[in-house]
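Sequential numbering of the sequence shown, starting at 97, is according to this note's numbering.
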Amino acid sequence: MTEDSLRPQEKVYRRLEDRVHPNESVIAAQSSFVGRISGQPGARILGRFEGDIQSEALVRAGKSAKIKGNIHSPYVILEGELEGDICSARQVELRTEAKMRGNIETEKLAIADGCFFEGQIRMAAPEAQPVRFTERRPPEEG
Numbered sequence: 097m098t099e100d101s102l103r104p105q106e107k108v109y110r111r112l113e114d115r116v117h118p119n120e121s122v123i124a125a126q127s128s129f130v131g132r133i134s135g136q137p138g139a140r141i142l143g144r145f146e147g148d149i150q151s152e153a154l155v156r157a158g159k160s161a162k163i164k165g166n167i168h169s170p171y172v173i174l175e176g177e178l179e180g181d182i183c184s185a186r187q188v189e190l191r192t193e194a195k196m197r198g199n200i201e202t203e204k205l206a207i208a209d210g211c212f213f214e215g216q217i218r219m220a221a222p223e224a225q226p227v228r229f230t231e232r233r234p235p236e237e238g
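What follows is the structure, given as C-alpha cells:
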C-alpha cells in the first residue's frame, strides 16, 4: 500500500491554477493586511500581507503581492514576493516574476526561468527534482 493509495480520490486538474475555490479570500492590489488567514477555501493575495496563511486549497500570490510570513497549503502559485517559508505543500510553482527568500517543503516544484529564489528546497521523495519551465501564458492582471 502506497501513500498515494491512502489519500482520498481527488479531482484531476490539468493546471494548478484550475484549483481555485469559489469562496477564496482575496487581498486586493491596493490593500494591506496584518494578521492570519486560515480556512478551507484558498486565498489570492494581490496586495501587501504580513502574517501566516493556513489553507486547505490553492494559495496564489499575484505579481503585485508582497508577503511576509509562512504559507501552509497543499498548492501554491507565487508570482509576487514572499519572505517566508512554503510548508507541507504537494505542488508549488514559482512563476517568472516571483521573488522568494525562504525555504520550500513540497512534493512537486516548478521553477520558471527568470524568477529569484534564495533558500533551501526539501522534497519528499529523494528522486524528485524541480522542473524548470518557460511561461507561455499571456500575462494576467494583478
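Quick reminder that beta carbons are idealized off the backbone N, C-alpha and C, glycines included.
Small disclaimer: the values here were computed from a predicted structure and weren't measured.
Q: Give the straight-line distance between the Cα atoms of residue 197 and residue 147, rounded to the nearest whole angstrom.
A: Locating residue 197 in the sequence shown gives position 101, counting from the first residue. Locating residue 147 in the sequence shown gives position 51, counting from the first residue. Distance between the alpha carbons of residue 197 and residue 147: 15 Å.
(Q) Could you pull the DSSP bridge partners for residue 195 from this structure? (A) The sequence position of residue 195 within the sequence shown is 99, counting from 1. Answer is 177, 212, bridged to residue 195.
(Q) Helix, strand or coil, according to DSSP, for residue 185 in the structure here? (A) Along the sequence shown, one-based indexing puts residue 185 at 89. Reduced to three states, the DSSP call for residue 185 is strand.
Q: Determine the DSSP secondary structure at residue 157, reduced to helix, strand or coil.
A: Stepping through the sequence shown from its first residue, residue 157 is reached at position 61. Strand at residue 157.
Q. With a Cβ-Cβ cutoff of 9 Å, do residue 187 and residue 205 count as a contact?
A. Within the sequence shown, the letter at position 91 stands for residue 187. Within the sequence shown, the letter at position 109 stands for residue 205. Yes, these two residues count as a Cβ contact at 9 Å.
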